[in-house]
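J.: Each residue of the sequence shown is one higher than the one before, starting from 899 at the first, in the working numbering.
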Amino acid sequence: ANQRGHIYIFGGLVADSAMNDLWLLETDGAHYPNANPIRAHWVHTNGDLPPPRVGHRSALWKNWILVWGGDTLNSDLMGSAGQSQDNILYAFDTNTRLWMRVQITGGSPVGRYGHSMGLIGDKLYIHGGQVNGDFFSDIAVFDLNQR
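Below, the structure is given as structure tokens:
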């Protein structure tokens, strides 16, 4: 959620299909006891849109939504040939509504799903996760100020 009470939701699983759509929930005025309803809007985006995915994580840094990891289910949920784990960091500018791939220096950790991800200052931390039953206990750090 940002300072205006907007919550962004990217991707996920709907009726056995991985998605890559972006939704905005407007929560301003949604306070008990006289709450206004939360309004949901599909967000039209441009740029280098991430492929559909599940099990990914996202974080809000300044005016950017950061998306990393997840399972890009291209066919079915039973692990057929279309399944892969993404290790590309994507950023969405909430002002321009433009997606971009973030160039990572020094390499990116192995793609995975079910990991933890969080921000401390300008550093993005990724911990754990799994791929095909193999579990990770590593920690990766991205310095978001480096170009």
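Glycine included, each C-beta is placed from N, C-alpha and C at the ideal position.
1) The beta strand (DSSP E) with G1016 in it runs from where to where?
2) Measuring CB to CB, does V952 end up less than 8 Å from G909?
3) Please report the straight-line C-alpha distance between M917 and N1043, rounded to a whole angstrom.
4) So the beta strand (DSSP E) N918 belongs to, where does it begin and stop?
5) I'd like the span of the beta strand (DSSP E) that includes I907, first residue to last.
6) Tell me where the beta strand (DSSP E) around I963 begins and ends.
7) State the beta-bridge partners of S956 as determined by DSSP.
8) If you draw a straight line from the C-alpha of D969 to the C-alpha of G1019, how long is it?
9) For the beta strand (DSSP E) that contains Y988, what are its first and last residues?
10) Closest to L971 by C-alpha separation, out of Q983, W962, V965, would be which residue?
11) Could you name the residues of the same chain whose beta carbon sits closer than 8 Å to that of Y943, not counting the 5 residues immediately before and after it, in chain order?
12) Anyone know if the C-beta pair for L1017 and A957 falls short of 8 Å?
13) Return the bridge partner residues of I1024 from the DSSP annotation.
14) What residues are listed by DSSP as bridge partners for D1032?
15) What is the DSSP secondary structure of G1009, reduced to helix, strand or coil?
16) Tell whether a beta-carbon distance below 8 Å holds between V1039 and Y1023.
T.: By the coordinates alone:
1) 1014–1018
2) yes
3) 29 Å
4) 915–924
5) 904–912
6) 962–966
7) V965
8) 27 Å
9) 988–991
10) Q983
11) Looking at the sequence shown, residue 943 is not Tyr but Thr. Once the five neighbours on either side are set aside, the close Cβ partners of T943 are L920, F990, R995, L996, W997.
12) yes
13) M1015, A1038
14) V1029
15) coil
16) yes
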